[in-house]
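Q:
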Amino acid sequence: MRIITYKRIQEFATKHEDSETPLNVWYHTTSAKVWKNLADIKQTYNSVDYVGNNRYVFNIKGNNYRLVVIISFNAQKVYIRFIGTHAEYDKINDLKNI
1 MRIITYKRIQ EFATKHEDSE TPLNVWYHTT SAKVWKNLAD IKQTYNSVDY
51 VGNNRYVFNI KGNNYRLVVI ISFNAQKVYI RFIGTHAEYD KINDLKNI
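Take the sequence shown: its letter number 67 is residue 67 in my numbering, and every next letter is one higher.
#1: Residue range of the alpha helix (DSSP H) that Y6 falls in?
#2: Taking 8 Å as the limit between beta carbons, can you name the residues of its chain near T85, skipping five residues before and five after?
#3: Could you tell me which residues DSSP puts in a beta bridge with V48?
#4: Would you give the residue range spanned by the beta strand (DSSP E) that N59 belongs to?
#5: Let's test the definition: count the other Cβ atoms within 10 Å of the Cβ of T30 and tell me whether it reaches 16, buried, or not, exposed.
#6: Would you report the Cα separation of T14 and T21, rounded to the nearest angstrom?
#7: Considering just the uninterrupted stretch of the beta strand (DSSP E) at S72, what are its terminal residues?
#8: Mind checking which residues open and close the alpha helix (DSSP H) that includes V116?
This is the structure in structure tokens:
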């Protein structure tokens, strides 16, 4: 999978240093995968949630942080839409349009 954009991970890790290693592990693991559907993702990340409109939510660092992405299986691309604390994530009203 090609992840768009790594810069968001770097920016978030600057503010939340304890997220840097878990986010980099997620990035490198995901980059090495070829996913065709949710079942493929679940083989790698069992706790991933599909929230609709091609949006998927990953728990980062024991659920301290949340990562919301759009996945295009045909293009093999992952678009990072949100990285935040669990509390920030809980404030999102419409995950399907983030």
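Note that beta-carbon positions come from the ideal geometry of N, C-alpha and C, so glycine has one too.
A: Looking at the coordinates:
#1: 6-15
#2: H16, N64, Y65, R66
#3: Answer is none; V48 lacks a bridge partner.
#4: 55-60
#5: buried
#6: 12 Å
#7: 65-72
#8: Residue 116 is absent from the structure shown; the chain starts at 1 and stops at 98.
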